[in-house]
Structures are given as structure tokens and as C-alpha cells.
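Structure first, commentary second.
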Amino acid sequence: MTSTSTPDRIEQSRSAVSFRSEGFTLIEVMISIVLLAMISVAIYQSTTQTFRYRSKIINEGDFYGGIRLAMGLMDRDVSALFSPVNLNPKNFPDPSQTPAPGNGGPTPPGFPGMNPGPTGTTDPAQLQQLTDLQNSELGKESDFWLGATDLTGIRPSRFVGTENRISFVASSHLRIYKNSQESEFSKIVYELRDDPDSGLGDDAKILVKIEDPDVFDTEEKKGKSAKVYPLLSGMKKFVFRYYRKDKKWWELTWDTNREEMKGLYPDLIELTIQVVGIAKLNFEGVYMFKPETPFYGLDSTF
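The sequence shown begins at 1139 in my numbering and counts up by one.
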């Protein structure tokens, strides 16, 4: 029979305790793995949710930012709607309401060297000049200009507005290069076009702005300097109305070449839009645009 002394037993106990303190049991390892997996899943879900919110915020920011940008550009252009006769429209009356020269009526303004009066007469040479002018390019009407009606050769600009399109001349163009073939003015068109690649439905269209800094009707350059800027996709509704202050009602269409609108421009333009975007984004709103140019002459107190 082998006996173990008390010092030997103490040494063996110490060795056993030391061995167990150097590792983990299987249960402890499994518990650690489970806890690590739970923490990893929580971190993954939190990170995924953060990126999902980030993507949603970016999409909404792009969506509403695009609407603000498009409407801001349109507001700037409409406010700068321009016609050369704006500063003194009394010098350019409606020709249909002005008696013909030589028939006892007043002499049309704009004839150099002539004093208009109730019984004024005109020089036949000047009348011939006026006839030649009206038969020239300056006397013809175009998409953006009306014909000249006097010897100054100044042509009123033309504003044309339909339910989903407007075209006019604006003074909002910024000329950057000194020797560039452009002016401080531009022909502006806002209209809808098909957008088959948007993925927002067959009836969704895109709003485009067409800007041409060559405001003169030169046939050889006509349209060559025009640029098309896609502004806003997903347009489901895009409807204009035009307020006429002298009659206190809204017009559905406008054309300064129309007989009852000669020399008149909208006092207020209303635009109703509906825009859809990705992730079921939807916006409906009404915008008001007001031309800021003094269409009825400058204030005499200035």
C-alpha cells in the first residue's frame, strides 16, 4: 500500500488548480461564441439600418433638391422676361388701334424727325421705308419676336404659353467669355419630353430647359447655339395658367401675337406639378412666378 505524505497531497492540489486556470471548459467556449455571434448580428443590423437611412436621406435630398433647383431656375428666367418695348411701351401702341398715317389720324411714334399730333402727316419716303422694313426680316413674326411696326426697327418679344410649355426671351443669360458668340439675352423654352429610361412609369416625363443665347433670327445660325438641359424627371403633372390683371381672370393659353393680347404679358404665371421619384417618393405643389420687368413703363418718379 502506497501512502502519500501531506506535503505531496498539497503539491498535487496546487498543480490541478494551476492546470484548470490555464484554459476554458467547452461550455465556457460555447457561451463565448454565442455572445460574440449575438454582438456581431447586432452590429451588422445597426450598420445596415444606418446605411439604409443614409440612402433614404440621400434619395429624398436629391428628389426635393431637384425640384427646388428646377423651380428656382424657372423663377429666375420668368422674372427676367424681357421685351425691348418694356421701358416705354407708349411708344409702341397696338397697330390695330392706331389710324393709318395720312388719313387724319395721329402719326405713329418712332418716326425720326416727326412730331406726332392729332393731324400729323408723314413723308412718303418714310412711308416707303416703313413698308420696306415690314417686308424685311425685321417685319416678320417668329417664335420669339413680333414684327417691327415703325422705323426704329425695334421688335417686341413674343411670349407663348400653353398648358405644359412656355417660350419667351429673358435677360437672365450670363455672358462669361468676352469674344463668345452670345448676348446678355437668351431664348428660353420650358417643356416636357418623354423619358423612357426613368423607370418611373410610362406616363412619367422629364422637364427640360432649352436655352439659346443667339436671340437674333439669323437663319444660318438658327438653333445651332441652343442647349437642352434636363432638369427634373418623374413629371406626372405639369400645368400652367396665366393671370390677366386687366380682366381679372386666368387664361389657359397666352400668345402676345394674339389679337386681344397684343403687347400684353402675363401678370402672374401659376404652375401645378406632381413629381414622383424612386422609393415611392411623391410631391405635389403649386408655384407662382411673376415677371419683374416694368411692362407698363418705368415709374415717372425715378
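C-beta: ideal position from N, C-alpha, C; glycine also.
Could you give the first and the last residue of the continuous beta strand (DSSP E) run that contains Asp1213?
From DSSP, Asp1213 is part of no beta strand (DSSP E) but of the alpha helix (DSSP H) over 1164-1217.
Nearest-angstrom Cα separation, counted from Lys1418 out to Lys1316
In this model, Lys1316 and Lys1418 are separated by some 47 Å (Cα to Cα).
Is Ile1314 buried or exposed, if buried means 16 or more other CB atoms sit within 10 Å of its CB?
So Ile1314 counts as exposed.
Taking just the CA atoms, how far does Glu1430 sit from Ser1310?
Near 12 Å, if we compare the C-alpha coordinates of Glu1430 and Ser1310.
Please identify the residue among Ser1193, Ile1416, Ser1324 whose C-alpha is closest to the C-alpha of Asp1215.
Taking the Cα of Asp1215 as reference, the smallest distance to any Cα among Ser1193, Ile1416, Ser1324 is reached at Ser1324.
Can you list, in chain order, the residues of its chain with a C-beta nearer than 7 Å to that of Met1212? Leave out the 5 residues immediately preceding and following it.
Around Met1212, the same chain offers Tyr1328, Phe1427 as residues with beta carbons nearer than 7 Å, after the five sequence neighbours per side are excluded.
Tell me, please, which residues DSSP counts as bridged to Phe1306.
Under the DSSP definition of a beta bridge, Phe1306 partners with Ile1326.
Length of the line joining the Cα atoms of Ile1205 and Leu1370
Their backbone Cα atoms lie some 7 Å apart in a straight line.
Between the CA atoms of Val1223 and Leu1406 - distance to the nearest angstrom:
Each residue's Cα considered, the two are about 19 Å apart.
Burial state of Lys1343, where buried means 16 or more other Cβ atoms lie within 10 Å
Per the 10 Å Cβ criterion, buried.
What's the gap between the Cα of Asn1420 and the Cα of Gln1412?
Asn1420 and Gln1412: Cα-Cα distance of roughly 7 Å.
Between which two residues does the alpha helix (DSSP H) carrying Asp1270 extend?
Membership of Asp1270 in the alpha helix (DSSP H) is indicated by the continuous run 1262-1273.
Please list, in chain order, all residues of the same chain as Leu1409 whose beta carbon is under 6 Å from its beta carbon, the five residues on each side excluded.
Excluding positions up to five away in sequence, the list reads Phe1378, Tyr1425.
Burial state of Leu1268, where buried means 16 or more other Cβ atoms lie within 10 Å:
Buried.
Euclidean distance between Cα positions of Met1094 and Met1373:
In the structure as shown, the chain starts at 1139 and stops at 1440, and residue 1094 therefore has no counterpart that could be examined.
Length of the line joining the Cα atoms of Tyr1367 and Trp1283:
One C-alpha to the other measures close to 23 Å.
Which term fits Asp1270, buried or exposed, when burial requires 16 or more other beta carbons within 10 angstroms of its beta carbon?
By the Cβ-count criterion, Asp1270 is exposed, with fewer than 16 other Cβ atoms from all chains shown falling within 10 Å of its own Cβ.
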